[in-house]
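Accompanying notes for the structure given below.
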C-alpha cells in the first residue's frame, strides 16, 4: 500500500545484493541510519530463495541494531539493487516472488548504484566488484555496457582478475612460462596440486574466484612484475567501460564496488578527466528506490 512521503514514521530499507555479499541499511523517515546488516551472496542467479534468505538475515541484524522486533520487517519500505536483475527473466521471476515487506522495489544493482552515485542526476557508473558492468542515466534513458555474467563478460572484475591469476599459476606450474612469486603463492595454497585447483573450480562461484583478487594487489605492492601486468590489463578493461559510457552521453563516470579504490592508481591517465566522485553509495541509491514507492495521497 502506498503512503505519503511525508509520513515521518515510515521505515526504509536499502538492500545492496551482489555476488559476494548482501548489505542492508535501515533508515527512519527523516533519513537517519538506525541499523545495518550483512549476509551472504544475493545475486538472483543463485536463486530467489537464497536471495531472500540472505536479505532477511541481514535485515534481522539491522532491526536488532535498531532495537526493533523482528516482525517489524512487515512495515519496512524496501528498495533493492540486486545483481542479476539486468536479465528480463530474472525480473519476471522476482515480480511474482513473495516478499516480506510493506512495499518492495528492486532494480539491477548497477541502476541503484548509479542513482546513489549521482543523486538521481545524469551520470554513469562502472561497478567493479565481484562482477563488473557499466550503466549511465542520460536524459531519462538507461544505457548499459557489459554485465553479461562471469562466463561471457565481467571484464575488469575481481572474479575475472582472480581467474586470470589462477590460470597463470597453472601455466607456470606446467612450465609453459617462467615461475613468479604470485604463481608459487597460489599453487602453495592448493598444496602445489593442479588437480586440487581443477576440483575446486568445478564448484567455485564468481565470489570464490574474486577472493584471489587481493592476492594480486598484495603481490603488486611488492613490485611483482606479473601481478603488476595483471592489474594493468584489469585497469585497461575498466577504462574501456568508462569510455563507452562517456560515448553514450554520460557527463562523468564514478567507479563503485570493492575494487574501485585499489584499482585507481592503475587506471590510464587518459580516462582520469572522465571520472567523478560518487556522491553516495549504492545503499543510498537503494533507499531512493524505496522512497520512490511512496506517493502523496
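Numbering (this note's numbering), first residue to last: 255 to 551. For glycine and all other residues, C-beta sits at the position ideal for the given N, C-alpha and C. Since this is a predicted model, take the numbers as computed values, not measurements.
Boundaries of the alpha helix (DSSP H) around residue 417: 412 to 427.
Contact check for residue 367 and residue 539: beta-carbon distance about 6 Å, within the 8 Å limit, so the pair qualifies.
Nearest neighbour of residue 507 by Cα position, chosen from 398, 303, 344, turns out to be 398. Annotation for residue 382: 410, 411, 492, 509, 511, 513, 514, 517 place their beta carbon closer than 7 Å to its own, counting only its chain and skipping 5 residues before and after. By the C-beta density criterion, residue 452 is exposed, having fewer than 16 other C-beta atoms within 10 angstroms. Residue 500: member of the alpha helix (DSSP H) spanning 479 to 501, first to last residue. A direct Cα-Cα distance of roughly 7 Å separates residue 427 from residue 433. Counting C-beta pairs closer than 8 Å gives fewer than three between the region 470 to 488 and the region 325 to 344, which falls short of the contact rule. With respect to the 7 Å criterion, residue 388 and residue 400 are classified as neighbours on the basis of their beta carbons.
In this structure, the alpha-carbon of residue 436 lies about 16 Å from that of residue 414. If you draw a 10 Å sphere on the C-beta of residue 284, you find fewer than 16 other C-beta atoms in it, and that means exposed. Excluding residues up to 5 positions away in sequence, 267, 278, 291, 327 lie with their Cβ nearer than 7 Å to the Cβ of residue 313 in the same chain. Under the DSSP assignment, residue 289 falls in the beta strand (DSSP E) whose first and last residues are 287 to 293.
Within the same chain, Cβ atoms closer than 6 Å to the Cβ of residue 373 are found at 533, the five residues on either side in sequence being excluded.
Under the three-state reduction of DSSP output, residue 386 falls in the strand class. Counting the other CB atoms within 10 Å of its CB gives residue 519 a total below 16, which places it among the exposed residues. Residue environment: residue 496 is assigned as buried (16 or more neighbouring CB atoms within 10 Å of its CB, all protein chains considered). Under DSSP, the beta-bridge partners assigned to residue 270 are 277, 335.
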